[in-house]
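According to the numbering used here, the sequence shown is numbered sequentially starting from 24. Glycine included, C-beta positions come from ideal geometry on N, C-alpha and C. A quick write-up on the structure given underneath.
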Amino acid sequence: MLSRILSAATIGIDAKPIEIEVDITRGLPNVVIVGLPDTAIRESRDRVKSAIKNSQFEYPPEKITINLAPCDIKKEGPSFDLPIAIGILAASGQINHDAVKNFVFLGELALNGKLRPIKGALPIAMSLKNSGKKLIVPEENACEAGIVEGVDTYPLKNLSSVSNFLNNTNCISPVRQDKEMLTEEIQDYELDFSDVKGQFLAKRAMEIASAGNHNIIMIGPPGSGKTMLAKRIPTIMPDMTIEESLETTKIHSVSGLIPAKGSIIRTRPFRTPHHTASDVSLVGGGTVPKPGEVSIAHNGVLFMDELPEFHRNVLESLRQPLEEGYVVVSRINSIVKFPSKFMLVCAMNPCPCGFLTDAKKVCHCTPNQIQKYLSKVSGPLLDRIDIHIEVPSVKYKDLSDETSGEKSEIIRKRVRRARDIQLKRFKDDRIFSNSQMSYRLVKKYCRLDDPSRDLLKTAITELGFSGRCYDKILRVSRTIADLEGKENIESDHVSEAIQYRSLDRNMWM
Ligand SMILES: Nc1ncnc2c1ncn2[C@@H]1O[C@H](COP(=O)(O)OP(=O)(O)OP(=O)(O)O)[C@@H](O)[C@H]1O
Ligand SMILES: [Mg+2]
């Protein structure tokens, strides 16, 4: 007998329907799986066999042919275990074939028939929205898939409970997600900016960077608090909108990063790839393309600590995602686009020993060593970073200060206000922050009065700034003005923005 079961696969961060056909015919007992399966799927024949037997069903001792259609999509992962098992049970008459027609099945099977969680439940649920199809997923994926309205999602424990449910579909009700949870403000960050003592200039720069979504680089001696500051950036960034949350959750879902029983991601991601990371792990790739760190950090922060330690080709591979806001991974079978709009935060020491700019400790590096170390960070990458700051060693007076600094919550309010101004300004320009302004938009929105123009002219001509930082100073000035709620950019704003170009002042290079 023949049975047809619906399932789905993810391609990039989108889902495609997959139909699983199972044909059982007389012949020597044998199982053949066709339709571009990967090793995990080919191995599923053994898992499915044990799961069926251990769930008190009969495994048909005949010739079983399983086809995963359409055949031109490469399929991977163990999520087809459940639909294959259901297909075998339906084709052998142990489950009513009509009962399975309206359902889409997903799930990995353990040998005892238990359902294990799978990757990509959210994008698959989203693709079924308003299709009239119902979704059966392992219990651990229920909160994630259940967010999607317009599709009934049923969480189930094991193969026997799936069969019982198909015989009596009223025995379990679909998952309902608490919608308020999606919009309420997040308060429970583990870290807080008030933990960082002193470093007022650096904190101010973080606030400006978060408000305008500017990329930022911190340079300073070891132990000055660079990593500490960077880790607290997500706590002052505005909360994600529901659309941003869904997009980020989709990427985390296909990467298998959502914890068991985890739901939609509401806090902005903060990713810290190690400096030994390869370019594929950073930008994405693989035979079946998977998102890299730049996409997992989508709508959040990508923190590159010890920047000069990264391989040069890895740093260069960041240029496309930084420029375009997405990564395209091309393979023979597929071309996949992963979104990658992140705020880049970098930290580095000024020299190999780290103490070149330290007032108290002596640097023992030779000029040659320093030059070699700094030259690893290429011009084109620095070109995409709007704010450069020096983070000096923290003073004992600041460290021993018992009074706590400004809380992240208060800074976040100011950041959100500045972001709202930008969203209003750019509503027809299809961008959302000052950092994304093109040359044309900078001309349109960053008009300067005479004193500001004179100041900028002096900076460019006398401080040795290169022409390329002209636009960057204007963009940062625009954000500083927005933080103050000012319509026009004033000379104070420009002079503060000029401070944030320390690398252009040829400090060490
Ligand atoms: N401003 C500060 N306020 C409070 N604690 C601080 C501050 N700066 C540093 N510390 C303490 O020093 C530790 C080290 O700081 P952190 O790791 O951020 O330094 P770093 O600048 O990243 O150093 P490295 O260049 O070696 O990576 C922190 O965990 C914290 O305990
Ligand atoms: Mg550090």
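Inset, instruction - Would you kindly work out how many angstroms separate the C-alpha atoms of Pro140 and Asn181, rounded to a whole number? - result: The residue given as residue 140 occupies position 117 in the sequence shown. The residue given as residue 181 occupies position 158 in the sequence shown. If you take the alpha carbons of Pro140 and Asn181, they lie about 11 Å apart.
Inset, instruction - For the segment 409-489, list the beta strand (DSSP E) runs that are entirely contained and at least 3 residues long, ordered along the chain. - result: 410-413
Inset, instruction - State yes or no: is the C-beta of Ser423 nearer than 8 Å to some heavy atom of ligand 1? - result: Residue numbering aside, residue 423 sits at position 400 when the sequence shown is read from its first letter. No, the Cβ of Ser423 stays beyond 8 Å of every heavy atom of ligand 1.
Inset, instruction - Determine the DSSP secondary structure at Asn135, reduced to helix, strand or coil. - result: The residue given as residue 135 occupies position 112 in the sequence shown. Coil at Asn135, not helix or strand.
Legend entry - Cβ-heavy atom distance, Ala370 to ligand 2, below 8 Å: In the sequence shown, counting from the first residue as 1, residue 370 sits at position 347. Checking the Cβ of Ala370 against ligand 2 gives yes.
Legend entry - Residue range of the unbroken alpha helix (DSSP H) whose run includes Phe188: Against the sequence shown, residue 188 aligns to sequence position 165. Here the alpha helix (DSSP H) through Phe188 covers 182-190.
Inset, instruction - Grab the span of the alpha helix (DSSP H) containing Met251 for me, first residue to last. - result: Within the sequence shown, the letter at position 228 stands for residue 251. Unbroken alpha helix (DSSP H) run through Met251: 249-254.
Legend entry - Under 9 Å between C-beta atoms of Arg435 and Met241: In the sequence shown, counting from the first residue as 1, residue 435 sits at position 412. In the sequence shown, counting from the first residue as 1, residue 241 sits at position 218. Contact: no.
Inset, instruction - Measure the alpha-carbon distance for Gly377 versus Asn391 and round it to whole angstroms. - result: In the sequence shown, the residue the question calls residue 377 occupies position 354. In the sequence shown, the residue the question calls residue 391 occupies position 368. The alpha-carbon atoms of Gly377 and Asn391 are separated by roughly 15 Å.
Inset, instruction - Would you mind stating whether Asp37 and Ser150 have Cβ atoms separated by less than 9 Å? - result: On the sequence shown, residue 37 is found 14 positions in, with the first residue counted as 1. On the sequence shown, residue 150 is found 127 positions in, with the first residue counted as 1. Against a cut-off of 9 Å, the Cβ pair of Ser150 and Asp37 comes out as a contact.
Inset, instruction - Could you name the residues of the same chain whose beta carbon sits closer than 6 Å to that of Ser78, not counting the 5 residues immediately before and after it, in chain order? - result: For the purposes of this step, residue 78 is taken as the residue at position 55 of the sequence shown. Excluding sequence neighbours, Ser78 sits near Gly136, Leu182, Ser183.
Legend entry - Continuous beta strand (DSSP E) assignments of at least 3 residues falling wholly in the segment 301-335: 324-327
Inset, instruction - Give the secondary structure of Val400 by DSSP, where H, G and I count as helix, E and B as strand, and everything else as coil. - result: Residue 400 sits at position 377 when you count from the first residue of the sequence shown. It is coil, neither helix nor strand.
Inset, instruction - Starting from the C-beta of Ile521, find all residues in its chain whose C-beta is less than 7 Å away, skip the five residues before and the five after it, and write them out in chain order. - result: In the sequence shown, the residue the question calls residue 521 occupies position 498. Taken in chain order, the residues that qualify are Ala482, Ile496.
Inset, instruction - Could you round the C-beta distance between Ser304 and Pro296 to whole angstroms and report it? I think they count as a contact, below 8 Å. - result: Your numbering for residue 304 matches position 281 in the sequence shown. Your numbering for residue 296 matches position 273 in the sequence shown. Right, the Cβ-Cβ distance comes to about 7 Å (below 8 Å), so this counts as a contact.
Inset, instruction - Return yes when the C-beta of Ser332 is under 8 Å from any heavy atom of ligand 2, and no when it is not. - result: The residue you call residue 332 lines up with position 309 of the sequence shown. Residue identity differs from the one stated: residue 332 is Glu in this sequence, not Ser. The answer is no for Glu332.
Legend entry - DSSP bridge partner residues for Tyr177 (one or two, in chain order): Stepping through the sequence shown from its first residue, residue 177 is reached at position 154. Ile159.
Inset, instruction - With a floor of 3 residues, list each beta strand (DSSP E) that falls wholly inside the segment 28-103, ordered by position along the chain. - result: 37-48, 53-57, 86-92
Legend entry - Cutoff 6 Å; reference Pro244; Cβ partners in own chain excluding five residues on either side: As a first step, residue 244 is located in the sequence shown; it is residue number 221 there, counting from the start. If we look at Pro244 and ignore the five residues flanking it on each side, its Cβ neighbours are Gly377, Phe378, Asp381, Ser416.
Legend entry - Any non-hydrogen atom of ligand 2 closer than 8 Å to Glu316 Cβ: Taking the first residue of the sequence shown as 1, we reach residue 316 at position 293. Incorrect: Glu316 has no Cβ contact closer than 8 Å to ligand 2.
Inset, instruction - Going by CA-CA distance only, name the one from Glu85, Ser102, Lys39, Val45 that's closest to Asp95. - result: Counted from its first residue, the sequence shown places residue 95 at position 72. With distances taken between Cα atoms, Asp95 lies closest to Lys39.
Inset, instruction - Compare the beta carbon distance of His321 and Phe293 with 9 Å and say whether it is the shorter of the two. - result: Here the question's residue 321 lines up with position 298 in the sequence shown. Here the question's residue 293 lines up with position 270 in the sequence shown. Cβ distance not < 9 Å, so His321 and Phe293 don't count as in contact.
Inset, instruction - Quick one: grab the DSSP three-state call for Cys376. - result: Stepping through the sequence shown from its first residue, residue 376 is reached at position 353. Coil at Cys376, not helix or strand.
Inset, instruction - Out of Arg291, Ile256, Leu280, state which residue places its alpha-carbon closest to the alpha-carbon of Thr264. - result: On the sequence shown, position 241 is the one that residue 264 refers to. Here the closest residue by C-alpha is Arg291.
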